[in-house]
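The block underneath contains the structure these notes are about, expressed in structure tokens.
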Amino acid sequence: EPFETEFGRVGIMICADARMPEIPATLVARGARLLLQPTAWVNAGDGPNLWNPQPDFLIPTRAAEFGVPVAAADKWGREWTTTTVGSSIICNARGTTLGRCVADRTHVLTCEVEMPDQACLDVDAVAARRLCDESARPAKRRDPPPLEVLLGANGGDGDERTGTLRIDVGAAPSEASAFDARRGVVHGPVDTPFEWRGVMIAALPAQALQTFAPARLAALDGAHVVVVFGEMPDERVLRTRAAENRVFVLSVDAARYRLVDPRGKVVCEHPADGSPLKWTIDAAAAENKCVAPQTDVIAGRTPRAYSFSGG
19 EPFETEFGRV GIMICADARM PEIPATLVAR GARLLLQPTA WVNAGDGPNL
69 WNPQPDFLIP TRAAEFGVPV AAADKWGREW TTTTVGSSII CNARGTTLGR
119 CVADRTHVLT CEVEMPDQAC LDVDAVAARR LCDESARPAK RRDPPPLEVL
169 LGANGGDGDE RTGTLRIDVG AAPSEASAFD ARRGVVHGPV DTPFEWRGVM
219 IAALPAQALQ TFAPARLAAL DGAHVVVVFG EMPDERVLRT RAAENRVFVL
269 SVDAARYRLV DPRGKVVCEH PADGSPLKWT IDAAAAENKC VAPQTDVIAG
319 RTPRAYSFSG G
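For the record, in the sequence shown the residue sitting at position 23 is 41 according to my numbering, with numbers rising by one throughout.
Below, the structure written as structure tokens:
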């Protein structure tokens, strides 16, 4: 619950709360106009590189999508076997990073932010009911097989024998509405997630990812892969939708193809130059919803505590 201060209502998140979009959304719905987060971001980087998704892209995205400034203060250094990444960050209500601390020493950061009169909270009533439903939880699938996707606009079909699914990025608007199971082709956005050889797939228009609810609902329906049709100017949003749901996000538009893994890392990228391109997605990685010890982004949800009206 937010609390009153002399300069406005403030909401507090801790640790991994920003990974769960319903938590900042609920704070904003209850009137928070500034989000603060004392935290201990554990290093998830490769090799010697200190990295955590929250300062990298999650915190700026939360500020932008909810229209409130966010300030997160992190520990740095090593405690027993755990290394934290520092990188405390302050973002304004547009998601612009006003300042970010270094990762490997004590650093004090001071920025001035403006608390808005109105926040942004775009969750419709139908989505809100589903997000607050205690029973909304994906069915576990035992070891879904790798998904092979063929990208291109030159026609042709997928191949169910090999598991190849074709993503038709050149479909005419009148066609871009369905999944053709017989041909193994996705022409564009599809109303509900569908199954292809044991892998659950959602197909959404790019504008749907500007708010967290559509991708979250797809994950609750069991999606391992979310295919996004249309231009996504802000790559941080793609990465956030992947990481907050622990799913793969495959973005296809007229300019390029991008594949983001469940950690929120861009693992493949290629210009959309018309030539066919084949990528293999390890769908089983999206069955693991844990982002930290005792932090499961799906099982750890608390729907009875959420509210999305107001703001």
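All C-beta atoms, glycine included, are put in the ideal place defined by N, C-alpha and C.
Sequence-distant Cβ neighbours of threonine 101 in its own chain, meaning closer than 8 Å and more than five residues away, are Val60, Asn61, Leu68 and Gly95. Taken in chain order, the complete beta strand (DSSP E) segments of 3 residues or longer contained in the region 230-276 are 243-247 and 266-270. Relative to the Cα of tyrosine 275, the nearest Cα in the group Leu169, Leu165 and Arg234 belongs to Leu169.
A contact is defined here as three or more CB-CB pairs under 8 Å, and the region 72-79 fails this definition with respect to the region 211-219. Out of Val244, Ala233, Ala224 and Ala236, the CA that lies nearest to the CA of aspartate 252 is found in Ala224. Following the DSSP letters along the chain, one finds alanine 43 inside the alpha helix (DSSP H) bounded by residues 40-47. Going by DSSP, phenylalanine 84 is part of the alpha helix (DSSP H) stretching over 77-84.
Bounds of any alpha helix (DSSP H) do not take in valine 103; it lies within the beta strand (DSSP E) bounded by 100-103. A straight line joining the alpha-carbon of proline 280 with that of cysteine 33 spans about 19 Å. By the C-beta density criterion, glutamate 83 is buried, having at least 16 other C-beta atoms within 10 angstroms. C-alpha of arginine 147 to C-alpha of arginine 234: approximately 13 Å in a straight line. For valine 88, the enclosing beta strand (DSSP E) stretches over residues 88-92.
For alanine 91 and arginine 118, the gap between their C-alpha atoms comes out near 10 Å.
An exposed status is given to glutamine 136, since fewer than 16 other beta-carbon atoms sit within 10 Å of its beta-carbon. A direct Cα-Cα distance of roughly 33 Å separates proline 164 from threonine 99. Taking C-alpha positions only, arginine 27 is separated from leucine 45 by approximately 10 Å.
Less than 7 Å divides the Cβ of leucine 238 from the Cβ of alanine 154.
Excluding its 5 nearest sequence neighbours in each direction, valine 265 has C-beta neighbours in its own chain below 7 Å: Ala237, Ala241, His242, Val243, Val244, Pro280 and Ala304, listed in chain order. Per DSSP, the unbroken beta strand (DSSP E) holding valine 217 starts and ends at 217-223. Proline 56 carries a strand assignment under DSSP once its states are collapsed to helix, strand and coil.
Between valine 284 and valine 278, the gap from beta carbon to beta carbon is short of 7 Å. Excluding five sequence positions before and after glycine 85, the CB atoms of its chain that fall closer than 7 Å to its own CB belong to Ala111, Pro134, Ala137 and Cys138, given in chain order. Here valine 141 is near alanine 231, since their CB atoms are less than 7 Å apart.
Closest option to threonine 182, judged by alpha-carbon separation, among Asn263, Gly202 and Leu256: Gly202. Serine 327 sits exposed, since fewer than 16 C-beta atoms from the chains shown fall within 10 Å of its C-beta.
If you check the CB distance, alanine 121 and serine 105 come in under 7 Å. When secondary structure is reduced to three states using DSSP, aspartate 74 falls in the helix class. Less than 7 Å separates the beta-carbon of proline 20 from that of glycine 49. Between the alpha carbons of methionine 250 and alanine 145 lies a gap of roughly 22 Å.
For alanine 310, there is no enclosing alpha helix (DSSP H); the residue is found in the beta strand (DSSP E) stretching over 308-310.
For lysine 296 and isoleucine 41, the gap between their C-alpha atoms comes out near 37 Å. In this structure, the alpha-carbon of isoleucine 299 lies about 16 Å from that of alanine 261.
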